[in-house]
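Engineer: No gaps in the numbering here: position 176 of the sequence shown is 175 in numbering that gives the first Met the number 0, and each next residue is one more. The beta carbon of each residue, even a glycine, is placed where N, CA and C say it ideally should be. All figures in this text were calculated on a predicted structure; none of them were measured in a lab.
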Amino acid sequence: MTAPQAVRRVAVWADGDVRAVDPDEPVVTAFDQGLGRGDGVFESVLVTGGRTPRLEAHLARLHRSAQLTALTHPGDDAVRALVAAVVAGWPADVEGACRVFLTRGLGDGSPPTLLALLAAVPAETVRQRSTGIAVVTLSLGVPADFRATAPWLLGGAKTLSYAVNMAAQRHAHAAGADDVVFTSLEGRLLEGPTSTVVWAAGGRLHTPPPGTGILAGTTQARLFAHAEGDGWPTAVTPGTVEDLTAADAVWLLSGIRGAAPVTRLDGVPRGDAGLTQRVQELLTR
Numbered sequence: 000m001t002a003p004q005a006v007r008r009v010a011v012w013a014d015g016d017v018r019a020v021d022p023d024e025p026v027v028t029a030f031d032q033g034l035g036r037g038d039g040v041f042e043s044v045l046v047t048g049g050r051t052p053r054l055e056a057h058l059a060r061l062h063r064s065a066q067l068t069a070l071t072h073p074g075d076d077a078v079r080a081l082v083a084a085v086v087a088g089w090p091a092d093v094e095g096a097c098r099v100f101l102t103r104g105l106g107d108g109s110p111p112t113l114l115a116l117l118a119a120v121p122a123e124t125v126r127q128r129s130t131g132i133a134v135v136t137l138s139l140g141v142p143a144d145f146r147a148t149a150p151w152l153l154g155g156a157k158t159l160s161y162a163v164n165m166a167a168q169r170h171a172h173a174a175g176a177d178d179v180v181f182t183s184l185e186g187r188l189l190e191g192p193t194s195t196v197v198w199a200a201g202g203r204l205h206t207p208p209p210g211t212g213i214l215a216g217t218t219q220a221r222l223f224a225h226a227e228g229d230g231w232p233t234a235v236t237p238g239t240v241e242d243l244t245a246a247d248a249v250w251l252l253s254g255i256r257g258a259a260p261v262t263r264l265d266g267v268p269r270g271d272a273g274l275t276q277r278v279q280e281l282l283t284r
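1. Considering only residues of the segment 69-135, which uninterrupted beta strand (DSSP E) runs meet the minimum length of 3 residues and lie entirely inside it, listed in chain order?
2. Kindly list the residues whose CB is nearer than 7 Å to the CB of residue 232, restricted to its own chain and excluding five residues on each side of it in sequence; keep chain order.
3. Per the contact definition of three or more C-beta pairs closer than 8 Å, is the segment 141-151 in contact with the segment 35-52?
4. Between which residues of its own chain and residue 71 is the CB-CB distance below 7 Å, once the five residues before and five after are set aside?
5. Helix, strand or coil for residue 160 per DSSP?
6. Mapping DSSP to helix, strand and coil, what is residue 41?
7. For the alpha helix (DSSP H) containing residue 64, list its first residue and its last residue.
8. Count the other CB atoms within 10 Å of the CB of residue 257; is the residue buried (16 or more) or exposed (fewer)?
9. Go through the segment 185-234 residue by residue and report every complete run of the beta strand (DSSP E) that reaches 3 residues or more, in order.
10. Alpha carbons only, please: which of 281, 163, 66 is nearest the one belonging to residue 229?
11. How is residue 177 classed by DSSP in three states: helix, strand or coil?
12. For the candidate residues 214, 216, 181, 177, whose alpha-carbon lies nearest to that of residue 239?
The following block contains the structure:
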């Protein structure tokens, strides 16, 4: 098997051309707005079997994020070519995480920066799929419906401004947990720092409404589509932490990690009623 830690790739787009570069080669100026101000958007795409079977959903979300942040988008064909360049020859036996970054570049009407990074999926991410995660709930400090009427807060955009998200995960780690579920000021469920919340209750799969300003989950959308086709009803539900506590099962879903079952919530152990295998099987379709 190929050693995952030895495999890293970078590709850049400039002036309509795409090229793969050495992963240690500088590709972004220090004056790039994405670096200096976090002014950009991104997507993380799973590479499996040397391919990116879920790319189209991520292209659509990247477009939406660019629109919400008024970023110039070079077009889906440019992103497809960029991803193809960085994935070309990737070992089929190594799962990869391909991150596509689109920034405002130097600003003032200059071309955007578009690049892709590819590395092996971390072993800890793979572990969390199979053994589950401990989660704490943290308030995001905003009312559930506020971001829907405050476009300057960029609700629903997958931006590079992840400092708060990473700080929340560090807080969770310090508390002996793996991850976080954010709640609104009044206690409604929102999302994880890098994931979508899904729970099973009453014979249905549930997820919080996107009108709260959360990021629309590509993995959650795929799961719900396959679940409905498999006779498992789904619902968009304005839930609370109490709903997660009473649920048959809870998962955090993301494109790279897939469905990670929550095995402990705010310090209290919980099970999954044997439903995780079904969820993970649905996501392989």
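Structural biologist: Looking at the coordinates:
1. 95-102, 112-119
2. Walking along the sequence shown from the start, residue 232 turns up at place 233. Once the five neighbours on either side are set aside, the close Cβ partners of residue 232 are 202, 203.
3. no
4. Here residue 71 refers to the residue found at position 72 when the sequence shown is read from its first residue. So the list reads 111, once near-sequence residues are dropped.
5. Stepping through the sequence shown from its first residue, residue 160 is reached at position 161. In the structure shown, residue 160 sits in coil (DSSP, three-state: anything other than H, G, I, E or B).
6. Looking up residue 41 in the sequence shown gives position 42. The answer is strand: DSSP assigns residue 41 an E or B state.
7. If you number the sequence shown from 1, residue 64 lands on position 65. That run of the alpha helix (DSSP H) goes 54-67.
8. What you label residue 257 is simply residue 258 of the sequence shown in a count that begins at 1. Residue 257 is buried by the Cβ-count criterion.
9. 195-200, 203-206
10. In the sequence shown, residue 229 corresponds to position 230, counting from 1. Of the listed residues, the one whose Cα sits closest to residue 229 is 281.
11. Stepping through the sequence shown from its first residue, residue 177 is reached at position 178. Residue 177 falls in the coil class under three-state DSSP.
12. The residue you call residue 239 lines up with position 240 of the sequence shown. The option with the nearest alpha carbon to residue 239 is 181.
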